[in-house]
Amino acid sequence: MKLSEIQSKLKPTKESLNIQKENILKKAIKPFSDLTSLPTAIFKNIFKRYRLSDFLPYLCYDKEEKIYINNDNSYGAIFLCSPRIKSTDSQSIQELLNKLEEGVFLQFMIFGSKNITDFVEYWREEHLLRARDENNELLENAVNSMAEFYFSKTKSGISKNMTVRVKNFNLIISLKSDNKEKLLKTKENMQNILETNSFAPRELTPEGLKPYLWELFNPNHNIRNIPAYDRNAYLNRQLIMPSTSILVKDTHLQIDGKSWISLAVASMPQEFHIVEFGEKIGDTLSSALNTNQFQDTFFITASVCLLPKKKANSASRNHSIIATQSWSEALF
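Numbering (my numbering), first residue to last: 17 to 348.
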């Protein structure tokens, strides 16, 4: 038999190729054969992909009243404050709590951000003015090199003896309530108290809030090029980049390749020293310098909500009963 005849017999026909395709398709569909009988609506719900932005409350901002309107029928206000660096007592915090209205949710947040772009770029432009006026290329190169050095220290230690990384620390105080009138009243009281106690509060508008949220949801993207706030789109639709992947695990969230884990305080000590807090957010003094560090962006929150009088009285009464009970030794 000639070679050409053998090749013609071995060459697959059009019909045989179609049969092979059908067999492959049947094998691929077989694991899902039970699903093909489901109604279309149920099938779509099973394989529906939810967008995380749908679960973010930030919707739009009322410029006149300077409050946020959320997608869960609530209202919010946010103040950006300067963290206190001097020793003080709890009087200022107590004043805030005393002015808190029932049904208003109050949250304190210490935010450690790697985004120092505004500060460094302002410094760069101010120093480049002299270089440009003098037409000094050497000075211009030195300023640019120093600016890039500052940026690099958000990713590595400042020096061999000081491994802490550069961060921009801010105190963010926010209010949220379903009752608009209560929120506005509490907002005014809070601002007056913060100003009196030298916290230098500034109302955080969407233009200022977006960079903080964008950094949280896109940690592996370039935070030096955060898109500007678009007034023609909802805020929650502008916080997550299309290329950012989000995986919901049983114990944590994996966002843009980084894991986010929420830690809650198990018990509160009777006394607390500022050095213990410093060990966690950026210690530069103690022996824990090289081990206790938040090397990445982080935030620490404390939330307060005033209970209705009936619930507060009940909680106080139950606490008193538990505190005064004398348990029999036979139980142990």
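All C-beta atoms in this analysis are idealised placements derived from N, C-alpha and C, irrespective of residue type, glycine included.
At which residues does the alpha helix (DSSP H) containing Y138 begin and terminate?
Per DSSP, Y138 belongs to the alpha helix (DSSP H) from 133 to 149.
Tell me the residue span of the beta strand (DSSP E) that contains K274.
274 to 276 is the extent of the beta strand (DSSP E) around K274.
So is G92 buried or exposed if we call it buried at 16+ other beta carbons inside 10 Å?
G92 should be labelled buried.
Between T212 and L200, what straight-line distance do the alpha-carbon atoms span, to the nearest angstrom?
Looking at the two C-alpha atoms, the distance is approximately 19 Å.
Going by beta carbon distance, what residues of the same chain come within less than 6 Å of N87, once the five residues before and after it are set aside?
So the qualifying residues of the chain are P73, L75.
Alpha carbon of Q23 to alpha carbon of D272, nearest angstrom:
Any reading at Q23 must be qualified, since the residue scores a pLDDT of 46, below 50, and its modelled position is unreliable; the value itself is stated next. Just so you know, the alpha carbons of Q23 and D272 end up roughly 53 Å apart.
Where do the N-terminal and C-terminal ends of the beta strand (DSSP E) with K66 fall, by residue?
Strictly speaking, residue 66 in this sequence is Tyr, with Lys absent from that position. Taken as a continuous stretch (DSSP letters only), Y66 belongs to no beta strand (DSSP E), as it is neither H nor E.
Use the C-beta contact count for S168: other C-beta atoms within 10 angstroms, 16 or more gives buried, fewer gives exposed.
Burial is judged here by how many other beta carbons sit within 10 angstroms of a residue's own beta carbon; S168 has fewer than 16 and is exposed.
Where G224 falls: helix, strand or coil (DSSP)
G224 carries a helical assignment under DSSP once its states are collapsed to helix, strand and coil.
Measuring straight from C-alpha to C-alpha, what distance separates L263 and S190?
About 28 Å.
Can you check which of these residues, T260, E81, L187, I239, is closest to F124 by C-alpha distance?
Cα-wise, what sits closest to F124 is L187.
At the level of alpha carbons, what is the spacing between W230 and N252?
W230 and N252 have their C-alpha atoms spaced approximately 10 Å apart.
6 Å CB neighbourhood of L352 in its chain, flanking five on each side removed
For residue 352 there is no data in the structure shown, the boundaries of the chain being 17 and 348.
Does F215 pass the burial test, meaning 16 or more other C-beta atoms within 10 Å, or should it be called exposed?
Burial call: buried.
Should the region 153 to 168 be regarded as contacting the region 131 to 141, the criterion being three or more beta carbon pairs within less than 8 Å?
Enough Cβ pairs lie closer than 8 Å, so yes.
When the Cβ atoms of the region 174 to 187 are set against those of the region 77 to 86, are three or more pairs found closer than 8 Å?
These segments do not touch.
Could you say which of S90, E137, F310, K274 lies nearest to E356 if we only look at CA atoms?
Any question about residue 356 goes unanswered here, given that the chain covers just 17 to 348.
Please give me, in chain order, every unbroken run of the beta strand (DSSP E) with length at least 3 that falls completely inside the region 213 to 263.
Listed in chain order, nothing qualifies, since the region 213 to 263 has no complete beta strand (DSSP E) run of 3 or more residues.
Assess contact between the region 317 to 325 and the region 109 to 121, defined as three or more Cβ pairs (one per stretch) separated by less than 8 Å. Is contact present?
Output reads yes: the region 109 to 121 touches the region 317 to 325.
Inspect the beta-carbon positions of K226 and Y250 and report whether they are closer than 8 Å.
Not in contact: K226 and Y250 (Cβ atoms no closer than 8 Å).
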